[in-house]
Amino acid sequence: TVGAVALDLDGNLAAATSTGGLVNKRFGRLGDSSVIGSGTYASNDSCAVSCTGYGEFFLKATVARDIAAHMEFGQRKLKEATDIVVHDKLVKMQGEGGVIAIDHQGNIELSFNSEGMYRGWTSSDDEQLNIAIFK
Amino acid sequence: NKFALAIHGGAGTLLPSEITPQKEAEINTALQGVLYAAKKCLSEGGSALEAVEIAVTALEDCPLFNAGKGAVMAHDGSYEMEASIMSGETLEAGAVAGIRHIKNPIQLARKIHDDEDFVYLHGKGALDYARDYDLEEVEDDYFFTESRHKQWLLARETNQMLVDHDGERKFG
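Protein sequence lines correspond, in order, to chains W and C.
Heads up: take any position in the first sequence, counting from 1, add 7, and you land on the numbering used here.
Heads up: take any position in the second sequence, counting from 1, add 2, and you land on the numbering used here.
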């Protein structure tokens, strides 16, 4: 699975996710990557989120929208919202994977409960093109 | 005003010991190229929607990641993909599932996003829709990579499903 989240100079957010799914999948199995609110979500009122991991758990937990809702209704900051969903709710369900998320102030969270996540990030304040794989 | 950008190429239980320095360098270079292209769009005043479409298109074109070229194989050896995109400004969204033969599924999701009649299309119907927009079609062998084929053979032996990042782990 691959994904991207962005905040542009006009203050707008967007999110995108794409995948081949699980190896050897059968019976028309679908994951979360094409489900708005589970694998992908964006609202200028909260954040943009793209997810990766075992899709079945991200579907049941409606992960992307859940993170945004913690910000919109729980008045939580991006880091707190992603930590609650990725490191508490998903872990309790044995849902392995991670999210990338950006809020309307340009804060970036790359949160995962698996061994690693291929990830990259940058901003107008950062000359670097930052890359990481493991914790 | 500032812009910000993040990308991912998947998560899983791949262990540090299971990734060679050469593979790690290839991944770093690929991710840097994706960041550079999408950052250029944003720094030139491009929209967040354009930037995420550029980034995911580049990730789909790279055989190292499980999307587009390099996608994993389904049980019958085919390549069935899914993608979605959403605008935070308008809450418009586009999504496609069970799509085959389209080189960049995220570009199909973007067409659906821009079409006020639809949000989510799947399967053969989604392919018919893609043909109306002349999105690039490819045969299955375009998506083939040796490493995914090996994963597929392993998964078929155990008749289980695998996350593309799983080293030896299996998911049933």
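Glycine included, each C-beta is placed from N, C-alpha and C at the ideal position.
Asked: CA-to-CA distance, I21 of chain C to A140 of chain W, given in whole angstroms; Found: Here residue 140 of chain W turns out to be Ile, not Ala, going by the sequence shown. One C-alpha to the other measures close to 10 Å.
Asked: Cβ distance (whole Å) where Y81 of chain C is taken to contact R102 of chain C below 8 Å; Found: 6 Å
Asked: Expected contact under 8 Å - CB spacing of E55 of chain C and I108 of chain C to nearest Å; Found: 6 Å
Asked: Residue-level contact to chain W via CB, H10 of chain C, 8 Å cutoff; Found: yes
Asked: G100 of chain C versus E84 of chain C: straight-line alpha-carbon distance, rounded; Found: 6 Å
Asked: Buried versus exposed call for Y48 of chain W [16 or more other C-beta atoms within 10 Å across all chains shown]; Found: buried
Asked: C-beta atoms of G14 of chain C and D134 of chain C nearer than 8 Å; Found: no
Asked: Helix, strand or coil at G127 of chain C [DSSP, three-state]; Found: helix
Asked: Cβ-based contacts, 8 Å cut-off: residues of the segment 18–40 of chain C near chain W; Found: P18, I21, E26, I29, N30, L33, Q34, V36, L37, Y38, A40
Asked: Start-end ranges of the beta strand (DSSP E) lying completely within the segment 69–112 of chain W, minimum 3 residues; Found: 104–110
Asked: T24 of chain W - DSSP class collapsed to helix/strand/coil; Found: strand
Asked: Neighbourhood of Y122 of chain C by C-beta, 6 Å cutoff - its chain only, sequence neighbours within 5 removed; Found: A97
Asked: G12 of chain C: first and last residue of the uninterrupted beta strand (DSSP E) it sits in; Found: 6–14
Asked: C43 of chain C and A53 of chain C closer than 8 Å at C-beta; Found: yes
Asked: Per-residue burial, N19 of chain W [other beta carbons within 10 Å of its own, 16 or more giving buried]; Found: buried
Asked: Interface flag, F173 of chain C vs chain W, CB-CB below 8 Å; Found: Bear in mind that a pLDDT of 36 at F173 of chain C, under 50, signals an unreliable position, so the number given afterwards is only what the model happens to contain. Closer than 8 Å to some Cβ of chain W, the Cβ of F173 of chain C qualifies, so yes.
Asked: Of the listed residues C:D117, C:A128, C:F145, nearest to K105 of chain C (C-alpha basis); Found: C:F145
Asked: Rounded separation between G28 of chain W and Q112 of chain W - CA only; Found: 32 Å
Asked: Residues near Y131 of chain C in its chain [Cβ-Cβ closer than 6 Å; skip 5 each side]; Found: L123
Asked: Beta-carbon separation (whole angstroms), D95 of chain W vs S118 of chain W, contact threshold 8 Å; Found: That belief does not hold up - the Cβ atoms of D95 of chain W and S118 of chain W are roughly 11 Å apart, past 8 Å.
Asked: Cβ neighbour criterion (16 or more within 10 Å) applied to N161 of chain C; Found: exposed
Asked: Chain W within 8 Å of F5 of chain C, Cβ atoms only; Found: yes
Asked: Partners in chain W for A132 of chain C, counting only beta-carbon separations shorter than 8 Å; Found: The premise fails here: A132 of chain C is roughly 14 Å from chain W at the closest Cβ pair, so nothing lies under 8 Å.
Asked: Chain C within 8 Å of E122 of chain W, Cβ atoms only; Found: yes
Asked: Interface residues of the segment 81–92 of chain C facing chain W [CB-CB below 8 Å]; Found: Y81, E82, M83, E84, A85, S86, I87, M88, S89, G90, E91
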